Structures are given as C-alpha cells and as structure tokens.
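Note sheet for the following structure.
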Amino acid sequence: MQRPVIAGVDGSSDSLIAAGWAAGEARRQGAPLVLLHGHVPQPGFYRVLAGDIEHERRTARRLLDDALAWVREHFDDVEVSADLVVQPEAELLVERGRDAQMIVLGSRRPGPVTGFFLGSVGLRVLGRAVCPVVMIRGGTAGRRPRDGEIVAGVPREEEAEAVLDFAFRAAAARGVPLRAARAWNLPAMFTYEPELVRRADEHGGLEEVHRHDLAELLAPWRERYPQVTVVEHVQPGPTAEMLVSLAAAAQLLVVGRRAEPRSRYVGHVAHATLHFADAPIALVPHPTETRATDT
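Residues in the sequence shown are numbered consecutively from 14, following this note's numbering.
This is how it looks when you write it as structure tokens:
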C-alpha cells in the first residue's frame, strides 16, 4: 500500500490551499491523503467549568470536517480521511510523518525582517520531520504554470540522492521537465588545491568541472527516468540567490535541508528560499540527519 500524503489543517484559508495541493499530489502518486489536526485544550479551571474545552473540541472537529468535505468535493477520485488528535500539532505531524511520503503545510509569508515561520508549527516540523515537507504559501500555488518545470537545487554528492529522488519522481508524475541546478564559487584556497587546479585545466575551467560533476551525478537518474527531460543548470554565485530566481517560473522548488531534533535551523539555503522563493517548496531532509532524527 502506498504511504499517505499528509496535510496539516488549522482552519485557515492557507491550510485549505495546502490540502488542495496535497490532494493533487496524492492523485498523481496514487496515494491516500490524510488530513490532520492536533488539538490541545487550553488549561484553566474556570474554562473547564464553562464548558470551553468541549466547545474548542467541537470547533476543531468542525474545521477538519469542513476541509474533508471540500477535498471530497474537488478531488472525488482521491482516497481521503481526517484525524483529530489530542496532541500538539507539530508533534502529531512529525510522528505521522515517519510513515508518510510527505507532509504538506500552508502559511502566509511574513516580511524578511520578521523571518519565516519563526516560533511556528511549520518550522518545528521542518526541523524534525524525517520525510519531505512541502510548504505552500497562500497565493503561490494557484498561480503556478501547470506546465512549469520542477527546479531542484542539487547539493554535494553525499546529500544529493534524496533530493534527486523526490525531484525526478515529481517531474515524472507531472510530465514536465526537471531543471537540476547547481551554483559554484571560487574556493578561498583555490591555489592550494592542486587536484582542483588539475581538473580545471583538464576540463577547461572551474565551471566545466562543476558541469562535468553534475552530469555524472545525474546520469543514473536519467537512466531510471528516461521520460523526464532534464536541463542541467550551472552558474557562479550564491546557491540561494540562484534558486530564488529560478523558482519564479517553476511549479515546484526542491531543496535539501538539515533535520535536527533539537534545532529549528534547517540550513541557510533552505531558510533563504523559504523567505524569498515565489513557489511551493519541497524541503527534503539529508539522509544522515534523517537517520539521526529517527532514532
């Protein structure tokens, strides 16, 4: 049985947009969709007497049922269920994410001064989830070009497999091209790296070295997904700046991220794209951190 796609539902319009995106992804993957809402009653003796906790529970149930009804109306061919759980939202999503294809969350984008998701459920899930987490901002998903490409920021070799696996599967399911992008900078100690100097001379420059390495990394994935048109993109400069620029015309941006159980830091590239990229973003945990988080 296919692992489910999970969507976090909190009653906001942004989470409903995320649920719709998740339903579309579940349809493409032939997977079930699970809508989740974690509900923790607010403490307080007088609130218990007044029946406020029961009111909160009914309100939570109603918002989840409304989301379920909306998904069933618009995606009647998707197997969908909804779960209301007495558990903090972030803990619930991280826990259920261990057996899921991905977690899909929606949120508004605050300004660059305040940061993105600081102190929120979204950032806590990002730092701890062992599966990919897709972030959908209100307004970005609906105006994506349906035939727009998938853009993947390809990290160094030992961290690239999980990112490329997600990106190629996404491109194959949608029938669109995949742009595999890598940025490079001149090493600070370039003159003291004789092997790099030798390879640069051999390939005709540093950029050609990076093009060669990217092509080698992509070769087995091209064989595995011959139906996917792959565009190799290599340019000098900061990785985050490149990905933000490419995301403007993409329907999905795929980025690697750190996953540390006691930290909200997801890596500077992931953090920068969350701030500024105008597209849905799939943040895929590096395999080493995934194993560490799962213990």
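Cβ atoms here follow ideal geometry from the backbone N, Cα and C, with glycine treated the same way. Here the structure is a predicted model, which is why all the values come from computation and not from measurement.
What are the start and end residues of the beta strand (DSSP E) that includes P298?
Walking along the sequence shown from the start, residue 298 turns up at place 285. That run of the beta strand (DSSP E) goes 294-298.
Go to R237, then tell me how far its beta strand (DSSP E) extends in each direction, as first and last residue.
Within the sequence shown, residue 237 is the residue found at index 224, counting from 1. Segment 219-237 is the alpha helix (DSSP H) holding R237; no beta strand (DSSP E) there.
By the 10 Å Cβ neighbour count, where 16 or more other Cβ atoms means buried, how is M14 classified, buried or exposed?
Counting from 1 along the sequence shown, the entry for residue 14 is found at position 1. M14 comes out exposed.
From L105, M148, G250, residue whose alpha carbon lies closest to that of S120
The residue you call residue 120 lines up with position 107 of the sequence shown. Out of L105, M148, G250, M148 has the C-alpha closest to the C-alpha of S120.
Quick check on E92: does DSSP put it in helix, strand or coil?
In the sequence shown, the residue the question calls residue 92 occupies position 79. If DSSP states are grouped into helix, strand and coil, E92 belongs with coil.
Does the pairing of the region 102-121 with the region 74-84 give three or more beta-carbon distances under 8 Å?
no
Who are the Cβ neighbours of E162 in its own chain at under 6 Å, not counting the five residues just before and after it?
Along the sequence shown, read from residue 1 onward, the residue named residue 162 stands at position 149. Here the set comprises V189, P190, R192, A263.
Beta-carbon gap between G166 and L256 smaller than 7 Å
In the sequence shown, residue 166 corresponds to position 153, counting from 1. In the sequence shown, residue 256 corresponds to position 243, counting from 1. Yes, the Cβ-Cβ distance between G166 and L256 is below 7 Å.
Around the C-beta of R71, are 16 or more other C-beta atoms found within 10 angstroms, so that it is buried, or is it exposed?
Within the sequence shown, the letter at position 58 stands for residue 71. So R71 ends up on the exposed side.
For M115, does the three-state DSSP call read helix, strand or coil?
For the purposes of this step, residue 115 is identified with residue 102 of the sequence shown, where counting begins at 1. DSSP places M115 in strand when its eight states are reduced to three.
Do A103 and R150 come within 7 Å of each other at the CB atom, strictly closer than that value?
Taking the sequence shown and counting its residues from 1, the one referred to as residue 150 is at position 137. Taking the sequence shown and counting its residues from 1, the one referred to as residue 103 is at position 90. Their beta carbons are not under 7 Å apart, which means R150 does not touch A103 by this criterion.
If you measure between the beta carbons of R270 and L296, is that distance less than 7 Å?
Sequence index remark: in the sequence shown, residue 270 carries index 257 (1-based). Sequence index remark: in the sequence shown, residue 296 carries index 283 (1-based). Yes, the pair counts as a contact, with Cβ atoms nearer than the cut-off.
Between the CA atoms of E221 and R109 - distance to the nearest angstrom:
Locating residue 109 in the sequence shown gives position 96, counting from the first residue. Locating residue 221 in the sequence shown gives position 208, counting from the first residue. Going from the Cα of R109 to the Cα of E221 covers about 43 Å.
So, for G24: in the same chain, excluding its five sequence neighbours on each side, which residues have a beta-carbon less than 7 Å away from its beta-carbon?
Here residue 24 corresponds to residue number 11 of the sequence shown, with the count starting at 1. The residues are L76.
Taking DSSP as the reference, what is the three-state secondary structure of H52?
Here residue 52 refers to the residue found at position 39 when the sequence shown is read from its first residue. H52 falls in the coil class under three-state DSSP.
Using the beta-carbon count (16 or more within 10 Å), is A261 buried or exposed?
Within the sequence shown, numbered from 1, the residue matching residue 261 stands at position 248. A261 is exposed by the Cβ-count criterion.
Using DSSP bridges, identify the partner residues of M148.
Residue 148 sits at position 135 when you count from the first residue of the sequence shown. L118, I294, per the DSSP bridge assignment.
Specify the secondary structure class of V167 as computed by DSSP and reduced to three states.
Mapped onto the sequence shown, residue 167 falls at position 154. Three-state DSSP puts V167 in coil, outside helix and strand.
Is V47 helix, strand or coil when you go by DSSP?
Position 34 of the sequence shown holds residue 47. Note: V47 maps to strand in three-state DSSP.
Three-state secondary structure (DSSP) of G21
Here residue 21 corresponds to residue number 8 of the sequence shown, with the count starting at 1. Note: G21 maps to strand in three-state DSSP.
Just checking, does the region 85-99 make contact with the region 30-49 on the three C-beta pairs under 8 Å criterion?
yes
In the structure shown, what three-state DSSP assignment does Q264 receive?
Counting from 1 along the sequence shown, the entry for residue 264 is found at position 251. The answer is strand: DSSP assigns Q264 an E or B state.
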